[in-house]
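Protein chains in written order, with my numbering: chain A, 1 to 338; chain B, 339 to 676; chain C, 677 to 1014; chain D, 1015 to 1352.
4 protein chains.
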Amino acid sequence: MVKIAILGGSGYTAVELLKILLRHPQAEVVAVTSRQDDTPLVAELHPVLTGRIALRCEPFNPDGLAARGVQCAFGCLPHGVSMTTLPALLERGVRVIDLSADYRLRDPNVYAQWYGESHEDLAHLAQAVYGLPEIYGDEVATAPLVANPGCYPQTAILGLAPLAAGRSIDLKSIIVDSKSGISGAGRTPKLTTHFPECNENFAAYAVGNHRHTPEIEQALADLAGEAVEVIFTPHLVPMDRGIFSTIYVTPHRPMTQAQLTELYREYYRNAPFVRVVDHLPATKHTTGTNFLDIAVRVVRDRVLVLACEDNLIRGASGVAVQNFNRMYGFDERTGLFG
Amino acid sequence: MVKIAILGGSGYTAVELLKILLRHPQAEVVAVTSRQDDTPLVAELHPVLTGRIALRCEPFNPDGLAARGVQCAFGCLPHGVSMTTLPALLERGVRVIDLSADYRLRDPNVYAQWYGESHEDLAHLAQAVYGLPEIYGDEVATAPLVANPGCYPQTAILGLAPLAAGRSIDLKSIIVDSKSGISGAGRTPKLTTHFPECNENFAAYAVGNHRHTPEIEQALADLAGEAVEVIFTPHLVPMDRGIFSTIYVTPHRPMTQAQLTELYREYYRNAPFVRVVDHLPATKHTTGTNFLDIAVRVVRDRVLVLACEDNLIRGASGVAVQNFNRMYGFDERTGLFG
Amino acid sequence: MVKIAILGGSGYTAVELLKILLRHPQAEVVAVTSRQDDTPLVAELHPVLTGRIALRCEPFNPDGLAARGVQCAFGCLPHGVSMTTLPALLERGVRVIDLSADYRLRDPNVYAQWYGESHEDLAHLAQAVYGLPEIYGDEVATAPLVANPGCYPQTAILGLAPLAAGRSIDLKSIIVDSKSGISGAGRTPKLTTHFPECNENFAAYAVGNHRHTPEIEQALADLAGEAVEVIFTPHLVPMDRGIFSTIYVTPHRPMTQAQLTELYREYYRNAPFVRVVDHLPATKHTTGTNFLDIAVRVVRDRVLVLACEDNLIRGASGVAVQNFNRMYGFDERTGLFG
Amino acid sequence: MVKIAILGGSGYTAVELLKILLRHPQAEVVAVTSRQDDTPLVAELHPVLTGRIALRCEPFNPDGLAARGVQCAFGCLPHGVSMTTLPALLERGVRVIDLSADYRLRDPNVYAQWYGESHEDLAHLAQAVYGLPEIYGDEVATAPLVANPGCYPQTAILGLAPLAAGRSIDLKSIIVDSKSGISGAGRTPKLTTHFPECNENFAAYAVGNHRHTPEIEQALADLAGEAVEVIFTPHLVPMDRGIFSTIYVTPHRPMTQAQLTELYREYYRNAPFVRVVDHLPATKHTTGTNFLDIAVRVVRDRVLVLACEDNLIRGASGVAVQNFNRMYGFDERTGLFG
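Below, the structure written as structure tokens:
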């Protein structure tokens, strides 16, 4: 059993983590921290957990956590807070899976450019591994700090990895048109996520400037071995969960749909959570699961990739446990076929 | 043309009022006030109005409004704020339709008991008319101050008026089980109205202590000529609009469904916005309209009344314009058959 | 491992059963039957199962199923079809958990009255056990045929069991006002479940004549030892899942909320899936789980019981597995804390 | 007053037409036809119209309609049915606005290719005017037969018209990624529009082969004076109404966002229903209106156009009335600012 702490227990990624870890045979959640002044029961924050967890939220105390034998912490803190909180744990030998964006971008200048503040933990940034297991799984296994990937980027990166790795598309004309359920915006009430505003509504946001853009480009560049440019347009869908990305690329040479499907099947033949499907995917086929479904289509001279996932499971907490399993040598699927 | 001011222009009742008044042939909206520090264009607050209204929000200035010839103000302010804001206009001869709860309960002690603060404008409270046109329409016509009725109460009061007026039911065993779309909670973001919390969810709230209870009881007691007791249970439905009330009463004597329907049809024969229907009503039949639909059913020894409406139109802004039409001698339906 | 067949694999209860049984350590699904002419892969009917189940639908063949060692069948067939299909399996020694209504009502005359056709399998009807584990759990353990309970009835029966068993309420004035997500209507497209008809809509249906009424009354009468009369009003909520029942009863003697809560806590102290909560319950707290949440409130001289569940899990497939666990001596929770 | 018949009264476009025409000061609906065997009241088909229209559906009888003085018919029939039904009216001098696709594609070979059947009314096809008023408004005024435009195509055509007319973009690399509410699929229940299937779901459909593709290309080619190729990908959004198109084009020369906005404002300066907005548009800003909102953005070396509308109003019935107004010389906005 690995002793686990959840840092920042009030949000949606925390409750999904708890649901998964409570059924994980090798995980024991021993602490849930909160930055709030009071210390509510975790089940009061998340009534769905009533009767399933007796823990009370506690303030973050790195010495206390280490003393209680915490071996692994899942960071569910906002970006900016992560990079000032996690070092204390890392220095005490606790391995960390950080669900924030703080350790995803290797270049601190890129971080500063997109997040508007300087990176304050360059030491650990240099050690962090980008936790997309299908691409960086070997490094994840031994990493002290895993930067859990963003929800949108996983659909774009895994949706394009076979083509980027083969350098078989124009890497400067990639369009990623993504659509997300509202839970992706977090649990803090805002006008844009107020039910009567976003229900029965569809809209784009952050056009041309969403922070997941450099994360997508960094991973695709790793695969392609050269710089990549992506136009990424996120939209909000009136549903709780699910991300769907419609990706348009220009192949260097014509490919048939059968060739493309075969290329993808081969690329992901050892990836238990990537399903290359023949039918058109739909977010509901992935809801509540850690699967990421991909289909490819040839339309005129373009290739379309359709990729979707549950943004809270595959997009955040599920892939975090997938990383956890790799870090501790468990079967990658443990706790995730629920 | 009647010159109109909207007080408190940022919420849902304000935008619905504006949509109706912009097509009303006898109404001219000359001012929209806001308590915010800046003075945005009304169309910036409500982009649906882009290109349809050039007004900018302005601070509340009763002298200025009077000087510009405002004859009628619609108050879209929170309760508590209404009773400290409206007197200045009433004293300048402006007639007011107040959509808040401040002037609905005739007894200030009842107000204090349910709203937790003393009533601060007893003078105008004494002059206010409860603006449910089908019951109090004659008084509305000459009132200086109309207390526009609550959304839930209209379904309960109009749903029971024929039986209460005939004193043909047990007035102490009335159960009103009501369900409302989320817009009824207003436009201020809160956790309970955050999309991922209330979407795909159904729950009761304010069980046994919702503030609309005394409003229902006051009107039914007016009709019955004796005290009435209601158990009122509101619930939130994951949809934008609509209120549906399922009402259970015990008749003194058995009645057939046909007799009941006939009683209701006769009672509302001159009410253009109350539809007594044979089929089971549904909120969607009333969406975007000022209709309140009612059906009656006999089940075992009880009578069930099913009543529904669009909570923002019939439940607030539509009935406000219906009151406006009565106050200024226009056909009751003007602007409301849109 | 118990070898299992699912009869009628195309609907929502079948796919939920499959999700649960695929993670159940003692269950092996060896056959899924379908009444359709073709024999699609189960994963084609339910793409969410892609990559998780290789079975193909097959025609119903009782000899074949018995020959392959099927020990237990879950019937996901429509009422009427169940009672002509299941006898062939029961006669071959296969135990059956029937999710239809065919074996729930002990009195075939009541069945005929509410379902409009004569019961055609009186022999097995006489052996069937009503599968509400918290009430009839001992009989379930040894039953050859378990009539899995209806979705609505569970909220009403478990919501009232402590009071009915104590005969502490007026058993002739029970009002059950229930609200259900749309999946309760099944997977066959109809105008009433067509998205643009039921989305953004709330309505009652089957007022005074829903078939779950006698099922509720039968179980409450068992508990009370005398006849019970219920007024049951179902409504459709624009959401996938969840049932919420607001129940109004008249206690013989005044009780405090604390006394009521204590009575319920004591009654359900050994029931791992009934949570008596202090807060107001909400369907979303139970989504995806086998929990049934109950709260009690005293309002004026009435007692209100608020009970909710996931209609497909607790209301159908989850409780079916709970029954399965009892039938085969497994811990009641096996496979259900997912 | 123009006497009007609605052909095919049971669907969503018919009820929206009726709502608009009932408040139109120059329109009198004298007949509603239906292909069903019975002849229900229109208000029975559409309970929202209860108390507002007394007409009963009637079988289609062109002589009868002509004899009663019908001057204009709105065709709400399926494609294929339109081209065999409308000639009888056109030959009797009735002007027709056809909401089906039958008369939109000028080239019958293109029709046959995309709709899978030969066109059966070449005579009237040659006279038909494509009823997108902002582009073809002058021809609409005198047309005997107006082919009302498709819902998706309006967002694409009006979204690109200023750029296509100026031939300032690569006309072979246009990507239109569109998202529609479910009402666009019509009122006939299907599994794909069954609430529990499409709610909480987002998916693409008809990838690379949607029938609106040639309609978009035909109009853009008219504007550009040369052939145009579009990759059009439609998706279904779990909401009743609204279409949102995210359009990606490659400009021949760099343009600033300000230049683009100015180009669009100038192009649409006389179009009362096209709003070129600075903010990011959202479908909810157009719900219930005949507005089509457009914003433009420059991202890297591409131009993004974001265009949205209410698919049933602007996308079908509202633009049909806009065409009607032009055909009969009324102000284009009559009945449409509701």
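The C-beta atom is built at its ideal place from N, Cα and C for all residues, glycine as well. Here the structure is a predicted model, which is why all the values come from computation and not from measurement.
**Prompt:** Hey, quick one: how far does the alpha helix (DSSP H) through A/Tyr248 stretch, first residue to last?
**Reply:** Translated into the one-based positions of the first sequence, residue 248 of chain A becomes position 248. Premise fails: A/Tyr248 lies in the beta strand (DSSP E), 243-249, not in any alpha helix (DSSP H).
**Request:** Ignoring anything shorter than 4 residues or poking outside the stretch 710-787 of chain C, list the alpha helix (DSSP H) runs there in chain order.
**Result:** 718-721, 738-743, 758-766
**Request:** Give the DSSP bridge partners of D/His1224, in chain order.
**Result:** On the fourth sequence, position 210 is the one that residue 1224 of chain D refers to. Answer by DSSP bridge pairing: none, since D/His1224 is not bridged.
**Message:** Suppose the cutoff is 7 Å on Cβ atoms and the five residues either side in sequence are ignored; what does the same chain contact list for B/His623 look like?
**Reply:** Taking the first residue of the second sequence as 1, we reach residue 623 of chain B at position 285. Here the set comprises Asp631.
**Request:** Identify each residue in the stretch 164-183 of chain A for which the Cβ-Cβ distance to at least one residue of chain D is less than 7 Å, and report them in chain order.
**Result:** Ile175, Asp177, Lys179
**Request:** Give a yes or no on contact between the stretch 198-207 of chain A and the stretch 97-114 of chain A, applying the rule of three or more CB pairs nearer than 8 Å.
**Result:** no
**Item:** Where D/Pro1248 falls, given that 16 or more other Cβ within 10 Å makes a residue buried
**Value:** Your numbering for residue 1248 of chain D matches position 234 in the fourth sequence. D/Pro1248 should be labelled buried.
**Residues near C/Thr889 in its chain [Cβ-Cβ closer than 7 Å; skip 5 each side]** = Against the third sequence, residue 889 of chain C aligns to sequence position 213. The residues are Val906, Phe908.
**Message:** Run through chain B and tell me which residues come within less than 7 Å of D/Val1291, C-beta to C-beta.
**Reply:** Counted from its first residue, the fourth sequence places residue 1291 of chain D at position 277. Simply Thr388.
**Request:** List the DSSP bridge partners of C/Glu985.
**Result:** Here the question's residue 985 of chain C lines up with position 309 in the third sequence. Per DSSP, C/Ile919, C/Leu968.
**Prompt:** Secondary structure at D/Lys1033, three-state DSSP: helix, strand or coil?
**Reply:** Stepping through the fourth sequence from its first residue, residue 1033 of chain D is reached at position 19. In this structure, D/Lys1033 counts as helix in the three-state DSSP scheme.
**Message:** For D/Thr1260 and D/Asp1184, which I take to be in contact (beta-carbon distance under 8 Å), what is that distance rounded to the nearest angstrom?
**Reply:** Translated into the one-based positions of the fourth sequence, residue 1260 of chain D becomes position 246. Translated into the one-based positions of the fourth sequence, residue 1184 of chain D becomes position 170. That pair is no contact at about 17 Å.
**Asked** Comparing alpha-carbon positions, which option in D/Ser1132, D/Gln1141, D/Asn1284, D/Asp1121 lies nearest D/Asp1112?
**Response** The residue given as residue 1112 of chain D occupies position 98 in the fourth sequence. When only C-alpha atoms are compared, the closest one is D/Gln1141.
**Prompt:** Apart from the five residues just before and just after A/Val223, which ones in its own chain have a Cβ nearer than 6 Å to its Cβ?
**Reply:** Mapped onto the first sequence, residue 223 of chain A falls at position 223. According to the sequence provided, residue 223 of chain A is Leu. The question's Val does not apply to it. These residues qualify, in order along the chain: Ala161, Ala164, Ala165.
**Local Cβ density within 10 Å of D/Arg1283, reported as buried at 16 or more and exposed below that** = Within the fourth sequence, numbered from 1, the residue matching residue 1283 of chain D stands at position 269. So D/Arg1283 counts as exposed.
**Request:** Could you pull out every residue in the same chain whose Cβ sits closer than 6 Å to the Cβ of C/Val883, ignoring the five residues on either side in sequence?
**Result:** As a first step, residue 883 of chain C must be located in the third sequence, where it is residue number 207. The answer, listed in chain order, is Thr909.
**Prompt:** What residue from D/Ala1080, D/Val1029, D/Gln1168 has the CA that sits closest to D/Cys1069's CA?
**Reply:** Taking the fourth sequence and counting its residues from 1, one reaches residue 1069 of chain D at position 55. Inspection of the sequence shows that residue 1069 of chain D is occupied by Leu rather than by Cys. For D/Leu1069, the nearest C-alpha among the options comes from D/Val1029.
**Cβ-based burial, D/Asn1075 [other Cβ within 10 Å; buried from 16]** = Counting from 1 along the fourth sequence, the entry for residue 1075 of chain D is found at position 61. Flag for D/Asn1075 reads exposed.
**Request:** Identify, in the order they occur along the chain, each residue of the same chain with its Cβ nearer than 7 Å to the Cβ of B/Gly497, setting aside the five sequence neighbours on each side.
**Result:** Counting from 1 along the second sequence, the entry for residue 497 of chain B is found at position 159. Contacts found: Ser583, Ile585, Ile632, Val643, Ala645.
**Asked** Which value, in whole angstroms, describes the spacing of the CA atoms of A/Met83 and D/Val1062?
**Response** The residue you call residue 83 of chain A lines up with position 83 of the first sequence. The residue you call residue 1062 of chain D lines up with position 48 of the fourth sequence. Approximately 56 Å between the Cα atoms of the pair.
**Prompt:** Nearest-angstrom Cα distance between B/Arg579 and C/Ala681?
**Reply:** Within the second sequence, residue 579 of chain B is the residue found at index 241, counting from 1. Within the third sequence, residue 681 of chain C is the residue found at index 5, counting from 1. Taking the straight line joining both Cα atoms gives about 44 Å.
**Prompt:** Would you say B/Val643 faces chain C, with C-beta separation under 8 Å as the test?
**Reply:** What you label residue 643 of chain B is simply residue 305 of the second sequence in a count that begins at 1. Not an interface residue.
**Request:** Starting from A/Ile175, trace the alpha helix (DSSP H) both ways and give me its first and last residue.
**Result:** Walking along the first sequence from the start, residue 175 of chain A turns up at place 175. Careful: A/Ile175 lies outside any alpha helix (DSSP H), inside the beta strand (DSSP E) at 174-180.
**Item:** Cβ-based burial, D/Thr1169 [other Cβ within 10 Å; buried from 16]
**Value:** Position 155 of the fourth sequence, counting from 1, holds the residue named residue 1169 of chain D. By the 10 Å Cβ count, D/Thr1169 comes out buried.
**Request:** Please work out which residues of its chain come closer than 8 Å, Cβ to Cβ, to D/Met1015, disregarding the five sequence neighbours upstream and downstream, and give them in chain order.
**Result:** As a first step, residue 1015 of chain D must be located in the fourth sequence, where it is residue number 1. These residues qualify, in order along the chain: Gln1040, Ala1041, Glu1042.
**Prompt:** Residues of chain A with a CB under 7 Å from the CB of B/Arg652: which are they?
**Reply:** On the second sequence, residue 652 of chain B is found 314 positions in, with the first residue counted as 1. None at all; the shortest Cβ gap to chain A is about 17 Å.
**Prompt:** What's the gap between the Cα of D/Gly1145 and the Cα of D/Pro1167?
**Reply:** Position 131 of the fourth sequence holds residue 1145 of chain D. Position 153 of the fourth sequence holds residue 1167 of chain D. Those two C-alpha atoms are separated by around 12 Å.
**Message:** Between which residues of its own chain and D/Leu1277 is the CB-CB distance below 6 Å, once the five residues before and five after are set aside?
**Reply:** On the fourth sequence, residue 1277 of chain D is found 263 positions in, with the first residue counted as 1. Answer for D/Leu1277: Pro1176, listed in chain order.
**Asked** What does D/Asp1152 reach in chain C if we use C-beta pairs closer than 8 Å?
**Response** Reading the fourth sequence from its first residue, position 138 is the one you call residue 1152 of chain D. None at all; the shortest Cβ gap to chain C is about 35 Å.
**Asked** Roughly how far, in whole angstroms, is the beta-carbon of D/His1208 from the beta-carbon of C/His800, given that I think they are within contact range, below 8 Å?
**Response** If you number the fourth sequence from 1, residue 1208 of chain D lands on position 194. If you number the third sequence from 1, residue 800 of chain C lands on position 124. Contact doesn't hold; Cβ gap of about 33 Å is too wide.
**Prompt:** Helix, strand or coil: which one does DSSP assign to A/Phe202?
**Reply:** As a working note, residue 202 of chain A is residue 202 in the first sequence. Correct three-state label for A/Phe202: coil.
**Prompt:** Under 8 Å between C-beta atoms, does B/Ala559 make it to chain C?
**Reply:** Taking the second sequence and counting its residues from 1, the one referred to as residue 559 of chain B is at position 221. Not an interface residue.
**Prompt:** For B/Ala596, is the classification buried or exposed, using 16 other Cβ atoms within 10 angstroms of its Cβ as the cut-off for buried?
**Reply:** Translated into positions along the second sequence, residue 596 of chain B becomes position 258. Label assigned to B/Ala596: exposed.
**Message:** Can you list, in chain order, the residues of its chain with a C-beta nearer than 7 Å to that of B/Arg549? Leave out the 5 residues immediately preceding and following it.
**Reply:** One-based indexing of the second sequence puts residue 549 of chain B at position 211. Answer for B/Arg549: Ala439, Trp452, Tyr453, listed in chain order.
**Request:** Specify the secondary structure class of B/Arg640 as computed by DSSP and reduced to three states.
**Result:** As a first step, residue 640 of chain B must be located in the second sequence, where it is residue number 302. Strand at B/Arg640.
**Prompt:** In three-state DSSP terms, what is D/His1299?
**Reply:** In the fourth sequence, residue 1299 of chain D corresponds to position 285, counting from 1. Looking at D/His1299 - three-state DSSP - the assignment turns out to be helix.
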